[in-house]
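Shown next, in structure tokens, is the structure this report addresses.
Protein chains: 2
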Amino acid sequence: MASEGLTMERLVQAGAELADEVGFEQVTVSELARRLDVKVASLYSRLKTSQDLKTKIALLALEELADRVAAALAGRAGKDALAAFANVYRDYAREHPGRYAAAQLRLDPKTAAASAGVRHAQMTRAILRGYELTEPDQTHAVRLLGSVFHGYVSLELGGGFSHSAPDTEQTWSRILDALDALLRHWPAP
Amino acid sequence: MASEGLTMERLVQAGAELADEVGFEQVTVSELARRLDVKVASLYSRLKTSQDLKTKIALLALEELADRVAAALAGRAGKDALAAFANVYRDYAREHPGRYAAAQLRLDPKTAAASAGVRHAQMTRAILRGYELTEPDQTHAVRLLGSVFHGYVSLELGGGFSHSAPDTEQTWSRILDALDALLRHWPAP
DNA sequence: TAATTTGCCTAATCTTCCTAGGCAAATTAA
DNA sequence: TTAATTTGCCTAGGAAGATTAGGCAAATTA
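Protein chains in written order, with my numbering: chain A, 1363 to 1551; chain B, 1363 to 1551.
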């Protein structure tokens, strides 16, 4: 029965929830069918392949994340903006680990160009408006920020920092301090 | 025939090569059997599960990486050591993308504790000897370095920085400069 | 109301994972 | 030197996921 309307929206939404529950790698068309109480073949009338489902979950995650970042960034500048951006990332990853993993999926160039990934890049750059960096240093800084946030979040999520003092909350806050200081005094080559 | 001696060594070695060729996610016991020209069941006399193969590839990668880092770090200190460490990471990932991906596999606590991951942690900390950081800042810095290196390498590997100027070589070098500067002037809370 | 589309299903094929049990060569024991 | 055992790999087969082909009935459109 599936209570009418097996729309792509619902598919992807349910897929995202599944990802958060069992991990993005474990997302399977079969399991999704089970949860939606339909047969696998029914899903294939909407989905091209199982990879297709994963890609759509990734796109959803990128959108959600970009929306949150945009909201958090509004009206903020400098370190405030930096911290807001960083916290959105980290919080999203903790709230939705499966979606966050999905957001890291390698998209083919076309898909990537049409995704919210573009907004992410723009917003990261926007943070730097509060600092006096000119090209090409701005690009270097954008890449550094991306690396730190992504690296930290995925290490933390993977338990890389667990069971050791001091707690990760401390570290996170000190890293933000450090990045702020670094951006304010970006070293010449 | 498999030319005698289907040892665990050869299994894991071939698995690592397979990973580098097709990607760690795509490593499959079946494909490995095909390449070694034996039947799947033969591999299961050595491997507990297919996850077991992946874990062993991960452990191999961690060892290799730790060995390279150790070699690179010998006789170096300060920024020299920092750059050497970072470059080993990045080069290894580019040379062996599948193994690098394997090294990120979440190991269960027991396995992790017995792995070369421990050496990695020690060596990262060793880099900081050249800088005047005391606990808990040293730990914060270790985590920052881990985040940056891992984050940068995985973004670069995933094509996250591609097709945009300036080239990643430039950025990498400027990021190392920046980290060095940051460690030399680590900001107080 | 006839033609078509929509939405979901049954059935079947392929691939991978994994287990049981077998057999022959190599090794060890008597 | 023969008998017992171990080693190394194999044949068979069952489970689960991916994917395709084709069907049927309700909803929509002509």
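Each residue gets a CB set at the ideal place from its N, CA and C atoms; glycine is no exception. None of these values were measured; they are calculated from a predicted model.
Proximity test, Cβ basis, 8 Å: residue i and chain A
i       : result
T1500/B : First, the residue type needs correcting, since residue 1500/B is Gln and not Thr in the sequence shown. It does not; no Cβ of chain A falls within 8 Å.
G1492/B : no
T1533/B : yes
L1421/B : no
A1463/B : no
A1364/B : Because the pLDDT of A1364/B is 37, which lies under 50, any placement of that residue in the model is unreliable, and the number read from its coordinates should be weighed accordingly. Judged by the 8 Å Cβ criterion, A1364/B is not in contact with chain A.
A1381/B : no
A1436/B : no
A1428/B : no
R1487/B : no
A1540/B : yes
R1396/B : no
Host alpha helix (DSSP H) of residue i (start-end)
i       : result
W1534/A : T1530 to R1546
F1511/B : D1499 to L1519
V1389/A : It is not in any alpha helix (DSSP H) - V1389/A carries neither H nor E in the DSSP assignment.
H1482/B : G1479 to I1489
F1447/A : G1440 to E1457
Q1413/A : S1412 to L1435
S1404/A : V1402 to L1405
T1473/A : P1471 to A1476
Closer than 8 Å to chain B by CB, residue i
i       : result
P1459/A : no
I1537/A : yes
F1523/A : yes
L1544/A : yes
A1478/A : no
R1481/A : no
R1372/A : no
R1408/A : no
Alpha-carbon to alpha-carbon, residue j and residue i
i       : j       : result
A1420/B : V1384/A : 22 Å
P1551/A : E1393/A : 53 Å
G1377/B : H1458/B : 12 Å
M1363/B : A1403/B : Model confidence at M1363/B stands at a pLDDT of 36, short of 50, so the residue's coordinates are unreliable; what they give is reported in the following sentence. When rounded, the distance between both Cα atoms is 14 Å.
G1440/B : G1492/B : 4 Å
R1430/A : R1536/B : 30 Å
A1474/A : L1435/A : 23 Å
P1528/A : E1426/A : 31 Å
V1510/B : K1401/A : 44 Å
A1428/A : F1386/A : 19 Å
L1368/B : S1407/B : 10 Å
A1540/A : L1373/B : 45 Å
T1390/A : S1412/A : 7 Å
A1465/A : A1464/B : 19 Å
H1502/B : P1471/B : 22 Å
T1417/B : G1521/A : 16 Å
Q1500/A : D1399/A : 50 Å
R1456/A : A1543/B : 31 Å
S1524/A : P1498/B : 15 Å
Y1451/A : L1507/A : 12 Å
D1453/B : R1481/A : 30 Å
R1546/A : T1533/B : 18 Å
R1438/B : E1531/B : 22 Å
L1490/B : V1504/B : 8 Å
L1517/B : A1433/A : 25 Å
L1469/A : E1494/B : 42 Å
A1445/B : T1486/B : 12 Å
L1409/A : D1442/B : 51 Å
Q1484/A : R1396/B : 46 Å
Under 9 Å (Cβ pairs) to chain A, residues found in the stretch 1438-1458 of chain B: none
Which of the residues in the stretch 1506-1521 of chain A, read from start to end, lie with their CB under 9 Å from any CB of chain B? L1506, G1508, S1509, V1510, F1511, H1512, G1513, Y1514, V1515, S1516, L1517, E1518, G1520 and G1521
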